[in-house]
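The block underneath contains the structure these notes are about, expressed in structure tokens.
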Amino acid sequence: MVRVHLALLIISLIIKNNLFAQPAKIDTTQKQVRKDRQTYYVISRSSEDSSRSIFNFKAAPIYVRTMPFSIYTGAGKPKDRIAQSIEIGKSFNVIDLGVAFGRNSLRPDTTLFLEGRVTMDVANYGIFANEMTIGAGRVFDKQGSLMLELTYSIIAQIAPRVGIGLTTGYYDFSSESTDASKTFYGIYLRFGLMRTDSGGLLGGIMRGRSRPVRVGRPHRHGR
1142 MVRVHLALLI ISLIIKNNLF AQPAKIDTTQ KQVRKDRQTY YVISRSSEDS
1192 SRSIFNFKAA PIYVRTMPFS IYTGAGKPKD RIAQSIEIGK SFNVIDLGVA
1242 FGRNSLRPDT TLFLEGRVTM DVANYGIFAN EMTIGAGRVF DKQGSLMLEL
1292 TYSIIAQIAP RVGIGLTTGY YDFSSESTDA SKTFYGIYLR FGLMRTDSGG
1342 LLGGIMRGRS RPVRVGRPHR HGR
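Here the sequence shown stands for residues 1142 to 1364, numbered as in this note's numbering.
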């Protein structure tokens, strides 16, 4: 009997200590890590399938792209070889749709042009991106020449809404009696929302000036 009473006393003491013992502190580190990952996931990936997304022109953000200096290759005076332009339009994730206005030389009687442009983000690495532009428009000369453009650019996102880039491309001019093709090199600025590593637009949280790392299933764009 003594042994039974002693065993019951020990069991009751153990139960009492467990009931009145202070609960251990809950480690919230893992929960915070999961929360941060979810936030990163929402920022860096679109919730829509890009193949099913619809262009919303009204909600698309505005961008401005200006090329203060570009020079044609070949012989000629600098005034005849320097061109300038400014473009304004709207961004649809990896695509910029805009209208450009510019001039083909720095002479007072320079030829002005108006052009529609489509620019697509082709590849990204950190703050750098590669873009391709296709354009078509009209030159306001006597012949009313048709102007076609194919351009490749490398841009660096130096601030949340500012990028600076180098560009090279071709202008083809043609009319009923004349035609010409010119190669040019230039520098330009882009003002608008930055892009992520996936090419999509990012208008919210940033970590420094770098582009967010994609989280989740890897996705190749065939770039």
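A virtual CB, placed ideally from N, CA and C, is assigned to each residue, including glycine.
Item: Quick one: any contact between the stretch 1287-1294 and the stretch 1305-1321, if contact means 3 or more CB pairs under 8 Å?; Value: yes
Item: Taking DSSP as the reference, what is the three-state secondary structure of Pro1219?; Value: helix
Item: With a floor of 4 residues, list each alpha helix (DSSP H) that falls wholly inside the stretch 1208-1271, ordered by position along the chain.; Value: 1219-1222
Item: Quick one, which of Thr1251, Lys1283, Glu1256 and Leu1253 has its alpha-carbon nearest Glu1317's?; Value: Lys1283
Item: What does a CB cutoff of less than 8 Å around Tyr1326 pick up in its chain, not counting 5 residues either side in sequence?; Value: Ser1211, Ile1212, Thr1214, Leu1307, Thr1308 and Thr1309
Item: Can you give me the start and stop residues for the beta strand (DSSP E) that Gly1327 sits inside?; Value: Asp1320 to Phe1332
Item: What did DSSP end up calling Ser1286 once you bin it into helix, strand or coil?; Value: coil
Item: Taking DSSP's pairing of strands, which residues face Ala1297 in a bridge?; Value: Phe1269 and Ile1305
Item: Given that a residue counts as buried once 16 or more other Cβ atoms are within 10 Å of its Cβ, and exposed if not, what is Thr1319?; Value: exposed
Item: Would you grab the beta carbon distance between Arg1331 and Arg1244 for me? Rounded to a whole angstrom, and I think it's under 8 Å.; Value: That belief does not hold up - the Cβ atoms of Arg1331 and Arg1244 are roughly 20 Å apart, past 8 Å.
Item: Can you give the Cα-Cα distance for Met1261 and Arg1222, rounded to whole angstroms?; Value: 27 Å
Item: Quick check on DSSP: helix, strand or coil for Ser1315?; Value: strand
Item: What is the rounded straight-line gap between the Cα of Met1335 and the Cα of Tyr1204?; Value: 10 Å
Item: Leaving out the 5 sequence neighbours to the left and right, which residues in its chain are closer than 8 Å to Leu1255 when beta-carbon positions are compared?; Value: Val1240, Ala1241, Phe1242, Gly1278, Arg1279 and Phe1281
Item: Going straight from the alpha carbon of Ala1300 to that of Gly1267, what length do you get?; Value: 13 Å
Item: Which class does Ala1200 belong to by DSSP, given the choice of helix, strand or coil?; Value: coil
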